[in-house]
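Residue 446 in my numbering sits at position 55 of the sequence shown; the count goes up by one each step and never skips. Cβ coordinates follow ideal geometry from the N, Cα and C atoms, glycine included.
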Amino acid sequence: PSPPEPWKAADVLGNGGRIRADDTVPFAVWTAARHRDDLPAALWSTAEGFGDVDTTCAITGGIVAARTGTGSVPAQWRERREPLPLWEALP
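Rendered as structure tokens:
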């Protein structure tokens, strides 16, 4: 069988709507595991679960980016972000 849609998984695992770890982390880990090498897909999939989207996306993004590195962030996203502090450019 094909994997469930993110919103269906969020119905079972939680989507952060209760503002508790047990209602937030399982879904974020589920989406990160499904898209472990594709940061944009992981984040869009997480957003499809609704609920506390900024928190679940932050968790999912942290997990996937730890695996893929900053190179997985699309160039267009990097161009539109706020300036980073000067220490970020240090070796």
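{"query": "Since Thr422 is in the alpha helix (DSSP H), which residue starts that stretch and which ends it?", "result": "416-425"}
{"query": "Could you check how far apart the C-beta atoms of Ala412 and Val455 are, in whole angstroms? I think they sit under 8 Å.", "result": "That belief does not hold up - the Cβ atoms of Ala412 and Val455 are roughly 19 Å apart, past 8 Å."}
{"query": "Under the assumption that Gly440 contacts Ala400 (Cβ atoms under 8 Å), give the Cβ distance between them as a whole number of angstroms.", "result": "7 Å"}
{"query": "Out of Arg409, Val416, Trp398, Asp402, state which residue places its alpha-carbon closest to the alpha-carbon of Thr447.", "result": "Val416"}
{"query": "Taking just the CA atoms, how far does Pro431 sit from Ala466?", "result": "11 Å"}
{"query": "Quick check on the DSSP output: the alpha helix (DSSP H) that includes Trp468 runs from which residue to which?", "result": "466-471"}
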